[in-house]
Amino acid sequence: MSSLATAWRGLRKPVFIPAALLIVLMIGFSVLFAKTAEDAFERLNSAITDGVGWWYILVATVFVAFAIYCGASRIGNIRLGRDDETPEFGVLSWFTMLFSAGMGIGLVFYGVAEPLSHYVTPPVAGGVPGSTDAAANQALELTLYHWGLHAWAIYVVVGLGLAYMTYRKGRPLSVRWLLEPLLGRKRIEGGVGHAIDVVAIVGTLFGVATSLGFGVQQISAGLGYLGWFEVNNWLVVGLILVVTGMATFSVVSGVSRGLKWLSNINMGLAAALAVFVLIAGPTLFLLQSWVQNLGGYIQSFPELMLRTSPFAADGWTGAWTIFYWGWWMSWAPFVGMFIARISRGRTIREFVFGVLLAPTVIGSLWFTIFGDAGILRQRNEGTMTNAEGAVDVDTSLFQLLDGLPLATITSVLAILVIVFFFVTSSDSGSLVIDILSTGGDLETPKITRVFWSVLEGIAAAVLLLIGGSGSLTALQTASIATAVPFSVVLVLACVSMLKAFRYDVATTPRYVRITPAADSGVTRTGARTVRRGGVSATFAGLSLPTQQNGSLAPVGEHVVLAIQDVPQSAIDVDAATGGAQYVADAEPQDPLGGEVFDTPQFEESAQAQTVNKS
């Protein structure tokens, strides 16, 4: 009872209670009004696709532009932590963990099915006939478009903002603080901040539930394909109970013994499965395809990034692109918080290009191995579609493995990979939601993590069972619907972060080193003029290098100067003398207002260093 009371005291009630109630009410509505809910999923999916689909496509591309701008501009020099801080993890370990964040149930679920679907039934807007060479090339371009830079740019917005606000500015690890530079501390600690975290929690839970639903669909389909079980609702419920129980055990065991152990095993199993398909399948063809797929993705990127297909009536954009952008946005707090926690000490440039490029390249390899192998099988043998010529999304992976050696063993391996992804997704998702519901506390009570883990399992079960034959639509609708409000939060976060970044750039000095050379004719006394090549500059009052006895150091010693760029508007030039004077009133204003926090995060941050020095 004492542990329950302690957990209750640690919760941020204005966030936990509304979020939990909203989720329970949504699940309850689906259970009590099953038929109505099934129809509602389809109608809501159509309404969002037709009404705000264009918005999803636009903002997802804006996020790519935001990420590239932050990485390529002077903002990229900012360090996510103290200026003297070094990265906590080496480059190889960091890339491995980014890969584990990008790898999930979705990659296993869609690895074969998505490229094959785009090959058999390409979008009308593309103007490419199905089951042709052009359709095969376009299939991977579309798949990489969905799983490449756009997906990871969405994660960059949240991850970069969290890492900057927590490790550089000392704020709690919570989504609400991304908007502090725009809205101010008072609003962020009040009702507006609570609403932001509630939106993040609801979106994250249904985003994770969507992944869990895909996992259960594929596990049950695999067991049915192997002839071990009959696929029905009882099997679905049983699978959810088993894997949710495993996730709960992982939560209770702790991150180091549970989640870390499972993650390491799962990454090894997934890599083994991919390597097996690469070696046992058409190896040379797949390697050639990978290089071409990367080139095709780069070439098609400008044309795809703003395609809304207003004249197409096939529903392809809503079923694929808009669903993906909504799914990624609902997952953004989850993945963003993870990559923020492993990126402390890196510069924004390292963070942006590492997060954008490493998972995109690895994902391209995964989809090439499974997707192109499936397309080649369909072209040569025609065995990857059903009697109606359609792709069975649930069983396509097992159909591919069935045509390779050791089919039963590799199918069981694939099921294990999905189960472990299920467990780690539920465990990690529960932890992230718990951190949000406690206001950013990294050490959350186990009992509340168990609560969120069980609720995720219930949500996944309800979406699958209530959705009936349209369970995939129900899962997709849950993601894109909960992402609608959060997409607005992400756009505001971009504006907010740019304000903070620009202030940081404007007030952080750059250092230059002046090294007088023997042939430069340096005047080492008086006005301290440094001359080289007939050009001189006077640094009145500049302290030149000296030795311990106080005499000037030998020629060749350097002087380090801290310089700061000043905008033209901050300079007042005397018309008579031509002298320039800095206008103090033009000092950039800190959008964070120099706020101080009595927290361990603040004490370890770069802002605390500045406050202590002053």
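Numbering follows the working numbering, with no gaps: position 443 of the sequence shown is 443. Idealized CB from N, CA, C, for every residue including glycine.
Can the beta-carbon of residue i be found closer than 9 angstroms to that of residue j?
i           : j           : result
residue 444 : residue 435 : yes
residue 168 : residue 439 : no
residue 179 : residue 560 : no
residue 466 : residue 48  : no
residue 290 : residue 151 : no
residue 407 : residue 222 : no
residue 410 : residue 273 : yes
residue 30  : residue 455 : no
residue 110 : residue 143 : yes
residue 474 : residue 41  : yes
residue 245 : residue 422 : no
residue 231 : residue 431 : no
residue 385 : residue 120 : yes
residue 219 : residue 393 : no
residue 98  : residue 355 : yes
residue 69  : residue 487 : no
residue 192 : residue 171 : no
residue 128 : residue 325 : no
residue 383 : residue 206 : no
residue 301 : residue 145 : yes
residue 349 : residue 65  : no
residue 448 : residue 437 : yes
Following the continuous beta strand (DSSP E) through residue i, name the residue where it begins and the one where it ends.
i           : result
residue 208 : Segment 191-225 is the alpha helix (DSSP H) holding residue 208; no beta strand (DSSP E) there.
residue 510 : 510-514
residue 572 : 571-573
Could you please give the first and the last residue of the uninterrupted alpha helix (DSSP H) stretch that includes residue i?
i           : result
residue 561 : Here residue 561 belongs to no alpha helix (DSSP H); instead the beta strand (DSSP E) covers 559-563.
residue 419 : 407-437
residue 177 : Neither: residue 177 is in no alpha helix (DSSP H) and is coded neither H nor E.
residue 359 : 348-367
residue 385 : Element bounds for residue 385: n/a, residue is neither H nor E.
residue 630 : With the chain covering 1 to 614 only, the question about residue 630 has no answer from this structure.
residue 108 : 105-110
residue 602 : 600-603
residue 144 : 133-147
residue 398 : 396-402
With DSSP as the reference, label residue i as helix, strand or coil.
i           : result
residue 319 : helix
residue 488 : helix
residue 580 : strand
residue 533 : Because the pLDDT of residue 533 is 42, which lies under 50, any placement of that residue in the model is unreliable, and the question is left without a value.
residue 341 : helix
residue 307 : coil
residue 521 : For residue 521, the predicted model reports a pLDDT of 46, less than 50, meaning its position is unreliable and no value from the coordinates is stated.
residue 187 : helix
residue 12  : coil
residue 79  : strand
residue 72  : helix
residue 181 : helix
residue 391 : coil
residue 312 : coil
residue 452 : helix
residue 504 : helix
residue 442 : coil
residue 333 : helix
residue 86  : coil
residue 589 : coil
residue 232 : coil
Assuming residue i contacts residue j under a Cβ cut-off of 8 angstroms, what Cβ separation, rounded to an integer in Å, is found between them?
i           : j           : result
residue 503 : residue 335 : Their Cβ separation, rounded to whole angstroms, is 27 angstroms, which puts residue 503 and residue 335 out of contact at 8 angstroms.
residue 106 : residue 211 : 6 angstroms
residue 53  : residue 318 : 6 angstroms
residue 609 : residue 82  : 6 angstroms
residue 377 : residue 403 : 6 angstroms
residue 371 : residue 80  : No, residue 371 and residue 80 are not in contact; Cβ-Cβ is about 35 angstroms, not under 8 angstroms.
residue 125 : residue 364 : Not a contact, Cβ separation roughly 23 angstroms.
residue 140 : residue 295 : Rounded, the Cβ-Cβ distance is 10 angstroms, inconsistent with contact.
residue 247 : residue 153 : At roughly 29 angstroms, the Cβ-Cβ gap does not stay under 8 angstroms, so residue 247 and residue 153 are not in contact.
residue 360 : residue 148 : 4 angstroms
Less than 8 angstroms between the CB of residue i and some heavy atom of the ligand MN, yes or no?
i          : result
residue 29 : Absent from the structure shown: the ligand MN. Ligands present: none.
Checking contacts by CB at 9 angstroms: is residue i closer than that to chain B?
i           : result
residue 404 : As a matter of chain content, chain B is missing from the structure shown, which is built from one protein chain.
Would you check if the stretch 182-202 and the stretch 389-408 touch, i.e. whether three or more CB-CB distances between them fall below 8 angstroms?
As far as the Cβ criterion goes, the stretch 389-408 does not touch the stretch 182-202, which means the pair count is below three.
Inter-stretch contact at 8 angstroms, needing at least 3 Cβ pairs: the stretch 328-343 / the stretch 160-167
Using a C-beta cut-off of 8 angstroms, the stretch 328-343 makes contact with the stretch 160-167, since at least three inter-stretch Cβ pairs fall below that distance.
Check whether the stretch 126-146 and the stretch 224-244 touch, using three or more Cβ-Cβ pairs below 8 angstroms as the test.
Judged by Cβ distances under 8 angstroms, the stretch 126-146 makes no contact with the stretch 224-244, as fewer than three pairs qualify.
With three or more C-beta pairs closer than 8 angstroms as the rule, is the stretch 495-514 touching the stretch 579-596?
A contact exists between the stretch 579-596 and the stretch 495-514.
For the structure I just gave you, are there three or more beta carbon pairs, one from the stretch 15-30 and one from the stretch 270-288, closer than 8 angstroms?
Not touching, per the Cβ criterion.
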